[in-house]
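J.:
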Amino acid sequence: MAASDMARALAAFTIPLALCAAGAPAQDEPLTINARQYFEKRGLDVLVFTNEYNGMFFDEKTAGVELIQHGVRTATGGAVRLSPTPEQWDQIPKLAARKIDPQTSTIEVTLRYEAFDFDSRLAVTADGAGFRIAVFLDKPVPDALEGHAGLNLEFRPSQYWEHTYLADGKPGIFPRYPAGPTTPLPPEQRIRQFEGFSTFDLHGHKDYVGALPVAIGKTLVLAPEDPERRVTIRCASGELQLLDGRNLAQNGWYIVRTLLATKTTGKVAEWSVEPHTIPGWTRTPVIGFSQVGYHPSQPKRAVIELDRNDTPLETASLLEIRPDGQELEKLKAKAEPWGRYLRYSYVVADFSSVRDPGLYRIQYGAQTTGAFPIAPDVYDRVWHPTLDVFFPVQMDHMFVNEAYRVWHGAPHLDDALQAPLNEQHFDGYRTGAVTNSPYKPGERIPGLAVGGWFDAGDFDIQGGSHAATVSSLVATWEAFHPQHDQTLVDQALRFVDIHRPDGKPDVLQQIEQGALQLAAEYRTIGRLVRGIVDSELHRYHHLGDASTQTDNLLYDPSLEPYESRDGRSGTPDDRWVYTDATPFSNYAGIGALAAASRALRGYNDPLAAECLALAKKAYAEERARPGPPAPTTGFGAGFGQLAELTAALQLATASREKEYLDRFGELVWPALDRNAGFALQAAVRAIPSMDEGYRAKLRPYVEKYRLELDGMLKQNPYGVPIGTGGWAGNAQVIGWATTNYYLHEAYPELVGAELVTRGLDYLFGTHPAHNYSFVSAVGNRSKHLAYGNNRADFAFIAGGVVPGVLVLKPDYPENMDDWPFLWGENEYTIGAAASYIFLAKAAQELLGR
Ligand SMILES: [Ca+2]
Ligand SMILES: [Ca+2]
Ligand SMILES: [Ca+2]
45 MAASDMARAL AAFTIPLALC AAGAPAQDEP LTINARQYFE KRGLDVLVFT NEYNGMFFDE
105 KTAGVELIQH GVRTATGGAV RLSPTPEQWD QIPKLAARKI DPQTSTIEVT LRYEAFDFDS
165 RLAVTADGAG FRIAVFLDKP VPDALEGHAG LNLEFRPSQY WEHTYLADGK PGIFPRYPAG
225 PTTPLPPEQR IRQFEGFSTF DLHGHKDYVG ALPVAIGKTL VLAPEDPERR VTIRCASGEL
285 QLLDGRNLAQ NGWYIVRTLL ATKTTGKVAE WSVEPHTIPG WTRTPVIGFS QVGYHPSQPK
345 RAVIELDRND TPLETASLLE IRPDGQELEK LKAKAEPWGR YLRYSYVVAD FSSVRDPGLY
405 RIQYGAQTTG AFPIAPDVYD RVWHPTLDVF FPVQMDHMFV NEAYRVWHGA PHLDDALQAP
465 LNEQHFDGYR TGAVTNSPYK PGERIPGLAV GGWFDAGDFD IQGGSHAATV SSLVATWEAF
525 HPQHDQTLVD QALRFVDIHR PDGKPDVLQQ IEQGALQLAA EYRTIGRLVR GIVDSELHRY
585 HHLGDASTQT DNLLYDPSLE PYESRDGRSG TPDDRWVYTD ATPFSNYAGI GALAAASRAL
645 RGYNDPLAAE CLALAKKAYA EERARPGPPA PTTGFGAGFG QLAELTAALQ LATASREKEY
705 LDRFGELVWP ALDRNAGFAL QAAVRAIPSM DEGYRAKLRP YVEKYRLELD GMLKQNPYGV
765 PIGTGGWAGN AQVIGWATTN YYLHEAYPEL VGAELVTRGL DYLFGTHPAH NYSFVSAVGN
825 RSKHLAYGNN RADFAFIAGG VVPGVLVLKP DYPENMDDWP FLWGENEYTI GAAASYIFLA
885 KAAQELLGR
């Protein structure tokens, strides 16, 4: 059955809400399965594996049975799990089958643990005001999983803080901070984690740790005092345990669990679950607007996100805030209906006609937003926190200070060893049968403990994002030459001081930081590395001062673990270097080296000269290497060729040698014909280097892009491309707006300036789910917690840019604003940060003219 037929068949069984409301009090309304294949009633949705566990990053807390109670996804991970408090790299069940029976209002999934040949069926059935959830087995629980396999459901801790619970009537307060209890467990009781890695550092001791229940009962009532969060769970047999996963991992959730009955088949666990719903509940509208404010000349659109049960209002008002606190209605704008996108409906209010500088807020019904400025200088400083704070904090191999605070000591001075062969690692790293490097597995590669950045909320140096970041910073330097200097960087002392000018432009100092690492990689290995990352999982998930991730002492196998002597150590904690031979990423590294050589000329001449020489050598080697033929179709085709295209252009601009420019000319047109979207930015940036006819020859591709853009702009009310992948799409929005900037510069009659600022409006708060700025500490209200390396403190790093709105299948846009640990929504990356600096600086220049 095609998906759409299925959807129509299901729609026929969906009872219209209006009928239910007329017949019964709203809180007794039954759940029904809607056309989008999840259970729904007003104030509650129950998802049953509409999203699946991820084979690459494992438990992302976005799969299983999940509750969306009063608009908030409060519970996830409802499934048969093998641990009381599953961690990210614990085994996840594979979804083997999913079927929907509208007659019995049941969604049933078959879950499989391949390693144990263990299948279970999990059935969720609408029942009373809530649902039943039952586990069925055709074969008993395997012996190895007795006492391990259980029915789990996880609740987001931050939604239950300052709340209480009742376990069989016995009261308790949800622990604000993990407070045990835990117990030591012998290694033989441990269920194998991903690829045999361990999240737990035994540190020379024998036992690992398990969480024990905080409370036990037949009936658990979560948050009885809060009608928005109250959930009653009753267990048909056995007992319910309430556990706190944060005792083992900071990103753990509260877990309700029942062990499966063993040595039997049929129904081995059953709960009845009743999440309370508030009669007639309607989600509060989200008024999307720019928390940074607006330049007087730019479009000013508020996009207002509404519950589908909400009645749209006719108008929204722009209030001017006067010095005496009085608020005057400056403009009453029509709230134009936009229609439906995902699960919400939208109206748009346009305040563009207001150009008077001042402070304003938006009023929609009873709700008013925070204040924001309209002023000519709103973009002047928006990129400073990213350059002043975020980039310094990400600097590897450096001690980073800020006033009274030390962000981290100088880390990873024991970098790095050649990674072993034939190894499946975590975080996407792996090796094959050869090293592609002059070094033997386990051998020290000298000179790598220099420069570079932690690529994201983890602490590895990732080749691809590293190269892209260097190239992006060079683009900013060459387009705008920002002399901004608020940071002291002393490479000789490995010392960085935030908010302390040293007479040198910070952008150049960051380019140097990136180039030092790149040059070290090409000097020793001859190509861009895939990355430098921890050898052990229990170090990789490190949270805290980066300089304590390894012991900073060179590994010496003749010493015992935890023994150190003469600056060497017997603990094998030096990071590993992954040296995959990928032409695409190598060309990206070559392009970055060539770009850096230009920017560093006159600033660090020896490094600039070495970067160019290394780039030319590696380019010649890569061209001579008989690699696999590049794919001519599909995603890979546009991508792979683009890398060489960009490298050739960077080399041409750096060396002014004709050979590179000719090669660019050879590559650019086929690349544009294959996939103009990918190649267009590179192609338009080449205009100054090319002959007179080039600009005219490129124009039809820009016209085609413009036509495609018109269709894209209508796909959602925000008028930017919103990605739907497992990692939210702010980086794509930044890339899109940046392409628009370059196109606007070359073809202003085709691409208007509003397509540049709209990308920033989106980042700064005009987006789904909430209206915080996605750039921490930029705008009046911004992401005040995120997946930076300080996430355990529920904190942020100023200037970091988060991935943004994750669209959970089938229709739930989410960006958690009280829980930092979902990387797909909240993890800062250096790539997004560097490209954000360019875009913000571009908008400042563009509107300042
Ligand atoms: Ca990483
Ligand atoms: Ca400086
Ligand atoms: Ca070490």
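So this note's numbering is basically just the index in the sequence shown, starting at one, shifted up by 44.
Each residue gets a CB set at the ideal place from its N, CA and C atoms; glycine is no exception.
Computed from a prediction, not measured in an experiment: that's the story for all the values here.
1) Among the candidates Glu364, Gly779, Trp325 and Glu104, whose CA atom is the shortest distance from the CA of Glu198?
2) Is Val437 helix, strand or coil by DSSP?
3) Along the alpha helix (DSSP H) that carries Thr328, what are the first and last residues, could you check?
4) Tell me the DSSP secondary structure of Thr118 in three-state form.
5) Look at the alpha carbon of Tyr157 and the alpha carbon of Asp471, and state the distance between them as a whole number of angstroms.
6) Among Trp133, Asp171 and Phe101, which has the Cα closest to the Cα of Leu292?
7) For Glu467, I'd like the list of residues in its chain whose CB is within less than 7 Å of its CB, leaving aside the five on either flank, ordered along the chain.
8) Could you name the residues that DSSP lists as bridge partners for Ser817?
9) Below 7 Å, is the gap between the Cβ of Leu256 and the nearest heavy atom of ligand 2?
10) What residue range is occupied by the uninterrupted alpha helix (DSSP H) comprising Val712?
11) Using a threshold of 8 Å, state whether the C-beta atoms of Ala715 and Gln685 are closer than that.
12) Give me the DSSP bridge partner(s) of Pro319.
13) At what residues does the alpha helix (DSSP H) containing His510 begin and finish?
14) With three or more C-beta pairs closer than 8 Å as the rule, is the segment 316-334 touching the segment 83-102?
15) Taking the alpha-carbon of Asp578 as reference, which of Asp504, Cys279 and Ala119 has the nearest alpha-carbon?
16) Which residue's Cα is closest to the Cα of Val518: Leu644, Asn630 and Asp546?
17) Measure the C-alpha to C-alpha separation of Asp459 and Arg571 and round it to an integer number of angstroms.
18) Mind checking which residues open and close the alpha helix (DSSP H) that includes Ala360?
19) Given a cut-off of 8 Å, decide if Arg802 and Ala781 are closer than it, judged by their beta-carbon atoms.
20) Counting C-beta neighbours from all protein chains within 10 Å, is the total for Thr148 16 or more, i.e. buried, or is it exposed?
21) By the DSSP assignment, the alpha helix (DSSP H) with Glu110 in it spans what residues?
22) Taking the beta carbon of Met439 as the centre, do at least 16 other beta carbons fall within 10 Å, making it buried, or is it exposed?
23) Just to confirm, does Thr531 get its C-beta within under 7 Å of one of the non-hydrogen atoms of ligand 2?
24) Could you check the C-alpha separation between Tyr786 and Ile731 for me, to the nearest Å?
25) Let's test the definition: count the other Cβ atoms within 10 Å of the Cβ of Leu304 and tell me whether it reaches 16, buried, or not, exposed.
26) Is Gln407 near ligand 2, going by C-beta to nearest heavy atom under 7 Å?
27) What beta strand (DSSP E) runs, 3 residues minimum, are completely inside the segment 557-591?
28) So is Ala173 in contact with chain D if we call contact Cβ pairs under 8 Å?
29) Which residues does DSSP list as the beta-bridge partners of His543?
30) Rounding to the nearest angstrom, what Cα-Cα distance links Pro128 and Leu552 in this structure?
31) Relative to the C-alpha of Val253, which residue among Glu232, Glu239, Thr263 and Glu269 is closest?
32) For Gly67, is the classification buried or exposed, using 16 other Cβ atoms within 10 angstroms of its Cβ as the cut-off for buried?
33) Within 10 angstroms of the Cβ of Ile217, are there 16 or more other Cβ atoms? Answer buried if so, exposed if not.
34) Expressed to the nearest angstrom, what Euclidean distance is found between the alpha-carbon atoms of Val822 and Leu807?
35) Have a look at the DSSP bridge pairing and note the partners of Asp394.
36) Run through the DSSP bridge pairs and tell me what Ala255 is partnered with.
T.: From the atom records:
1) Glu104
2) helix
3) Run containing Thr328: none; DSSP gives neither H nor E here.
4) strand
5) 21 Å
6) Trp133
7) Arg474 and Thr475
8) Ser826
9) no
10) Lys702 to Arg729
11) yes
12) Val275
13) Gly507 to Phe524
14) yes
15) Asp504
16) Leu644
17) 17 Å
18) Per DSSP, Ala360 belongs to no alpha helix (DSSP H); it is in the beta strand (DSSP E), Thr359 to Ile365.
19) yes
20) exposed
21) Segment Val109 to Gln113 is the beta strand (DSSP E) holding Glu110; no alpha helix (DSSP H) there.
22) buried
23) yes
24) 10 Å
25) buried
26) no
27) 575-577
28) Structure shown: chain D not included; a single protein chain is present.
29) Its beta-bridge partners do not exist; DSSP assigns none.
30) 50 Å
31) Glu232
32) Summary for Gly67: the model assigns pLDDT 42, below 50, so the residue's position carries little reliability; its value from the coordinates is reported in the next sentence. Per the 10 Å Cβ criterion, exposed.
33) exposed
34) 10 Å
35) Arg345
36) Thr226
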